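Residue numbers (the numbering used here): 356 to 578. Right, one structure below, let's go through it.
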C-alpha cells in the first residue's frame, strides 16, 4: 500500500461525520423538554409537576418523554451536569491562577472570570433559581451533588488566592479557604438579588463592587 493510500485511509478513519438531520432534531427535542420542564417547575414547583404536565405543554406523548429521560429527576441531573461543565468550561487555560503574576494581572483575571461566570449563570436565570431554591429539597443524593458543586467552586477560588499569596501580590495573612467561601457567598447573594430585580445595570454595579472587594480587600501593601 502506498503512502498516499495510507494517508487517505487515515483521513477516512478520522473524519467525523456531521450530525444528521435526525440527530439534530433529537438534540433540539431534548433541549425543548428541559426548557418546558423548567417552565413547569417554576410555575408549579418540582414536586407538583408531573410528566403529564411537561408532555402536554410540549405536545408530545409520554413515550417520547421517556425516550429522552427516565423521569423528571433525570432532568435535574442533566441540568447539574450541564451547569458544572459550563462553569468550569468557562475558565479556559488563560484563566488559570498561574496566569497572574502581579496585582494588576490578578485584577484583570478576576474581571474576565467574573464576566464569564456571569454569562454562564445568568444565561438562563431558571437554572440558578432551580439550583438555589429547589434542588436541595428533592432528595439527599441531589442535595449532595449541589453541595459538591459548591465545594468544587470554593476549592477553585481558593487556588487563585493561594497562588497570589505565594507570588506575593496578595496579603500573606489571608485565610484563603474562608475568604473563598465568603466570596462565593457574595456571588450567590448577587444571583438572588438579580432574580428578584433583573436589572442588568444594577447587577453590573453589584458585580463591580464584589470584584473590587475581592481585589482591594486582599491585595498586599505596596512596598
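Idealized CB from N, CA, C, for every residue including glycine. Model, not experiment: these values are computed from the prediction.
Option in the options with minimal Cα separation from residue i
{"i": "residue 442", "options": "562, 553, 505, 420", "result": "505"}
{"i": "residue 541", "options": "419, 509, 480, 555", "result": "509"}
{"i": "residue 524", "options": "451, 437, 570", "result": "570"}
{"i": "residue 482", "options": "431, 538, 567, 517", "result": "431"}
{"i": "residue 546", "options": "374, 474, 501", "result": "474"}
{"i": "residue 526", "options": "501, 567, 573, 480", "result": "573"}
{"i": "residue 446", "options": "428, 553, 576, 467", "result": "467"}
{"i": "residue 555", "options": "451, 478, 373", "result": "478"}
{"i": "residue 427", "options": "450, 444, 451, 494", "result": "494"}
{"i": "residue 490", "options": "538, 507, 429", "result": "429"}
{"i": "residue 436", "options": "378, 452, 501", "result": "501"}
{"i": "residue 492", "options": "415, 518, 400", "result": "400"}
{"i": "residue 433", "options": "564, 378, 537, 386", "result": "386"}
{"i": "residue 416", "options": "384, 398, 438, 444", "result": "384"}
{"i": "residue 537", "options": "404, 460, 566", "result": "566"}
Residue interval of the alpha helix (DSSP H) (run including residue i)
{"i": "residue 480", "result": "480 to 488"}
{"i": "residue 415", "result": "Premise fails: residue 415 is in no alpha helix (DSSP H) and is neither H nor E."}
{"i": "residue 457", "result": "Neither: residue 457 is in no alpha helix (DSSP H) and is coded neither H nor E."}
{"i": "residue 533", "result": "531 to 551"}
{"i": "residue 431", "result": "427 to 444"}
{"i": "residue 385", "result": "376 to 399"}
C-beta atoms of residue i and residue j nearer than 8 Å
{"i": "residue 529", "j": "residue 520", "result": "yes"}
{"i": "residue 396", "j": "residue 487", "result": "no"}
{"i": "residue 454", "j": "residue 464", "result": "yes"}
{"i": "residue 406", "j": "residue 420", "result": "yes"}
{"i": "residue 440", "j": "residue 562", "result": "no"}
{"i": "residue 424", "j": "residue 388", "result": "yes"}
{"i": "residue 391", "j": "residue 412", "result": "yes"}
{"i": "residue 550", "j": "residue 480", "result": "yes"}
{"i": "residue 531", "j": "residue 516", "result": "yes"}
{"i": "residue 535", "j": "residue 552", "result": "no"}
{"i": "residue 402", "j": "residue 452", "result": "no"}
Reduced DSSP category for residue i - H, G, I as helix; E, B as strand; rest coil
{"i": "residue 474", "result": "helix"}
{"i": "residue 525", "result": "strand"}
{"i": "residue 564", "result": "helix"}
{"i": "residue 363", "result": "Bear in mind that a pLDDT of 45 at residue 363, under 50, signals an unreliable position, so the number given afterwards is only what the model happens to contain. Residue state, collapsed to three classes: helix."}
{"i": "residue 408", "result": "helix"}
{"i": "residue 368", "result": "For residue 368, the predicted structure reports a pLDDT of 49, less than 50, and the residue's modelled location is therefore unreliable. A value from the coordinates is still provided. The answer is helix: DSSP assigns residue 368 an H, G or I state."}
Neighbour flag for residue i against chain D, beta carbons, 8 Å
{"i": "residue 559", "result": "Protein chain content of the structure displayed is limited to a single chain, and chain D is not contained in it."}
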